[in-house]
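The sequence shown lines up with residues 24 to 448 when you count with this note's numbering. For every residue, glycine included, the Cβ atom is placed at its ideal position computed from N, Cα and C. Source: prediction; values computed, not measured.
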Amino acid sequence: MRPTQNGARLITASLATALLSALFGDPILAVISITLLTALALDTISALLRARKASEVVLKPPLATLRVKAGEARVLEVEAPNLIEMELEGGGWYSASQTPSKNLIMVRVNPQLSGVYKLETLRAKVKGRMRLMTANTDLPMNLEVKAYPRVLPWIVEAARILRAGLAGPGLAPGRKPGQGAEYHGTREYIPGDPLRLVEWKATARLSKLMVKEYMEELSSSPHIIYDERAPGPITADELAGIFLSSIVGTTSTGAPIGLTIRSGADSDLHWEELEPREALEIALAHTLERVEAEMGSIYELLEPRPSRDLITTLERARGRGMARILRAARERRLNKQLKIMIRSPNPTLDLTHIGHILYDTSALLELAEEARLRGHRLQIRAPAKPWLDSKSLEDAYITHASLRRILNSIRRMGLEVMMGQTPNP
């Protein structure tokens, strides 16, 4: 039991009048004090009775199961007939509110990490009829939320491409969606897209921001640089999703793909030209190893039960990809191959850097400067909210401020920066 703001004032007033009545022997003050204390006692009883009544309400549905992607918000409507007005409390991964009609409770779930989340009771505060006292109560609820990793849809999409044989041999000329003259289609807006490309008719029809996409010629094969270092599991999951989605998107060009995977300042895995199928197998193997090290078997995350074809495709890709990774690990030369490639008299390169901008910022700015001087095209892709892994509010503020400062520096260099993950395939 706790008093409301008005209840606290009334308690203060009743104590003051009781003290003055005792000092001066004034019966009127004594009557006022008793009246105030009686009102507080009656409202306390009222709050307790209302809290008990609320705890007996049967919510509909009595059992609910949701499956969402980590970082994705979902709202569940829960019917609560004859529910009185109350203040609902939330938790770290959910929030709850009561609609004005009082017969509906909106539960908003937004887990940032993959896993299974269970909610057995909703904590609420109920006020007495005079709104002087509040009592705590629990509404019985059975909600289970299964949050799968951000990268999981792209693992399934990569397996589908490999199984269908859609990853070409790497012989086609380099072409990709971009800023060319040939119209390619319309897709959902991604943070960083120029607003001049917004397709207003499609936006109005679909009720979400859509942009036009064009095909552009690439003067050389695309090369993806993936820095997997992350401050915590949320950013690591988002980075893995960005990396695999970039590989999946690049395989559709049919051009050979260059790939650099960086796990430390002096630890690079480097391939200058890979067939799209080979690049996809390496990316899948690397991603599966990281995901399973954090969350266990990937097949336990797939629902309904994965088919035998999907399991066979993933295992075959993992085996081939890991063989190439181990071979490259034996042959690597400590973070020099990427610099040699950029500085060599190659045709113009199409580079994509994926990573946490605050990790090894000087190396990223050096790469950007080298690319600018030699006429290479560089696109930077980074997680949208890397401060979610911060251990305190102060750390989150420092990360946010540092990120804004570095982003401004990068954009002043004329570089394209895309924050956040590509929508699901």
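**Request:** Pick helix, strand or coil for H399, following the three-state DSSP scheme.
**Result:** In the structure shown, H399 sits in coil (DSSP, three-state: anything other than H, G, I, E or B).
**I68 versus M441: straight-line alpha-carbon distance, rounded** = Near 57 angstroms, if we compare the C-alpha coordinates of M441 and I68.
**Asked** Which runs of the beta strand (DSSP E), 3 residues or longer, sit entirely within the region 80-134?
**Response** Listed in chain order, the beta strand (DSSP E) runs fully inside the region 80-134 are 86-92, 97-102, 117-121, 127-132, counting runs of at least 3 residues.
**Request:** Give me the Cα-Cα distance between L401 and A225, rounded to the nearest whole angstrom.
**Result:** Distance between the alpha carbons of L401 and A225 is about 30 angstroms.
**Message:** Comparing C-alpha positions only, which one of G113, A316, A182, I213 sits nearest to R404?
**Reply:** Closest in C-alpha terms to R404, from the list G113, A316, A182, I213, comes I213.
**Message:** Using only CA atoms, which one of L282, L416, A170, S44 lies nearest to E301?
**Reply:** The option with the nearest alpha carbon to E301 is L282.
**Asked** Which residues share a DSSP beta bridge with I284?
**Response** DSSP, once it has assigned bridges, lists Y249, L292 as partnering I284.
**Message:** Check whether the region 383-400 and the region 336-343 touch, using three or more Cβ-Cβ pairs below 8 angstroms as the test.
**Reply:** Contact between the region 383-400 and the region 336-343 is not established, with fewer than three Cβ pairs separated by less than 8 angstroms.
**Identity of the residue in S78, V179, G115 nearest P329 by Cα** = Comparing alpha-carbon positions, the option among S78, V179, G115 lying closest to P329 turns out to be V179.
**Item:** Extent of the continuous beta strand (DSSP E) to which L218 belongs
**Value:** Boundaries cannot be given for L218, as no beta strand (DSSP E) includes it and DSSP labels it neither H nor E.
**Prompt:** Is E102 near K83, with beta carbons less than 8 angstroms apart?
**Reply:** It is a contact, given that the beta carbons lie within the stated cut-off.
**Asked** If you run the structure through DSSP and keep just helix, strand and coil, what is V174?
**Response** DSSP places V174 in the coil class of the three-state scheme, outside both helix and strand.
**Message:** Pull the bridge partners of P256 from the DSSP assignment, please.
**Reply:** As computed with DSSP, P256 is found in no beta bridge at all.
**Prompt:** Going by alpha carbons, who is nearest to A407 out of T422, E417, D418?
**Reply:** Of the candidates T422, E417, D418, the one whose C-alpha sits nearest the C-alpha of A407 is T422.
**Request:** Excluding the 5 residues preceding and the 5 following A306 in the sequence, name in chain order all residues of the same chain whose CB lies nearer than 6 angstroms to its CB.
**Result:** Contacts found: L267, I270.
**Prompt:** Would you say I257 and L374 are within 8 angstroms of each other, going by their C-beta atoms?
**Reply:** No, these two residues do not count as a Cβ contact at 8 angstroms.
**Request:** Identify whether E315 lies in helix, strand or coil by the three-state DSSP scheme.
**Result:** If DSSP states are grouped into helix, strand and coil, E315 belongs with the helices.
**Message:** Going by C-alpha to C-alpha distance, which of R252, P26, W294, L142 sits closest to R350?
**Reply:** That would be W294, whose Cα lies nearest to the Cα of R350.
**Asked** Buried or exposed: Y206, going by 16 or more other Cβ atoms within 10 Å of its Cβ?
**Response** If you draw a 10 Å sphere on the C-beta of Y206, you find fewer than 16 other C-beta atoms in it, and that means exposed.
**Which of helix, strand or coil DSSP assigns to K231** = Of the three classes helix, strand and coil, the one that applies to K231 here is coil, per DSSP.
**Item:** Integer-rounded CB distance, given that P172 should sit under 8 angstroms from S120
**Value:** About 28 angstroms separates the two Cβ atoms, so there is no contact after all.
**Prompt:** Residues bridged to E211 by DSSP?
**Reply:** M233.
**Prompt:** Are there 16 or more other CB atoms within 10 angstroms of the CB of Y420, so buried, or fewer, so exposed?
**Reply:** Exposed.
**Prompt:** Leaving out five residues before and five after Q135 in sequence, what residues of the same chain have Cβ atoms less than 8 angstroms from its Cβ?
**Reply:** Closer than 8 angstroms at the Cβ level, and outside the excluded window around Q135, lie A93, G94, W116, I257, L411.
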